[in-house]
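Here it is, written out as structure tokens:
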């Protein structure tokens, strides 16, 4: 049974979500204060987190950023702030999806299940310690731990950056369009702007360049997309 952490300061909403998730055979834990979240995530295993943006104590964006420093657990941001900047900020920090208030509890259950299916499918698609065989000494990826090594050096990546690198590394030299990358990373086909992909690629490229400044591994192909060059 998958375990969901619900981080929501409005107790009635949290209880409503709990009721619907439990009916769908999901285990839940509720927390209503942002200051209590990190310790909980450190000490318990969760398959996914529903994280409200506006919280007492630490806000959702801060928490998402801090969780991503030590965990790749899927995170769905829940927000009443619907402008594109907030959505982009949340996804750039490593959130896997977002839901806007007011929402249907059934929609939340559907989104949770979609993200769980996606992450579980990605895990099953690779061996427990999967190394990209075409580039054994350049890019090494451990899907279960969401850990990456480039030229043998560990590199800290968000979940989306990890997935992008995994896609590019499977076929070095192949050019992927932005829409292809979006379809690979966001399997539920939600609407994500090309600017979001550009932002993730920019951050991924910087992290790789910090390891190998004299070699641009992720390259832009003008008006086409991106590729990994070894």
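Residue numbers (our numbering): 366 to 595.
We put the beta carbon where it would ideally sit given N, CA and C, even for glycine.
Query                                                                                                : Result
N- and C-terminal bounds of the beta strand (DSSP E) containing residue 508                          : Per DSSP, residue 508 belongs to no beta strand (DSSP E) and is neither H nor E.
First through last residue of the alpha helix (DSSP H) which encompasses residue 385                 : 376-388
Residue 563 versus 588, 580, 414, 535, residue with shortest Cα-Cα distance                          : 588
Terminal residues of the alpha helix (DSSP H) in which residue 564 lies                              : 559-576
Selected residue, minimal CA-CA separation from residue 577, among 518, 551, 558                     : 518
Close beta carbons around residue 307, own chain, < 8 Å, minus the five adjacent residues each side  : With the chain running from 366 to 595 in the structure shown, residue 307 is simply not present.
Residues bridged to residue 583 (per DSSP)                                                           : 593
Host alpha helix (DSSP H) of residue 402 (start-end)                                                 : 402-408
Uninterrupted alpha helix (DSSP H) stretches inside the stretch 413-471 (no shorter than 4 residues) : 425-432, 449-457
Inter-residue Cα distance where the pair is residue 429 and residue 395                              : 17 Å
8 Å Cβ cutoff met for residue 572 and residue 584                                                    : no
Under the three-state DSSP convention, the category residue 523 falls into                           : coil
Assumed close pair residue 366, residue 391 - CB separation to whole angstroms, cut-off 8 Å          : 7 Å
Start and end residues, beta strand (DSSP E) containing residue 395                                  : 392-396
For residue 518, three-class secondary structure by DSSP                                             : strand
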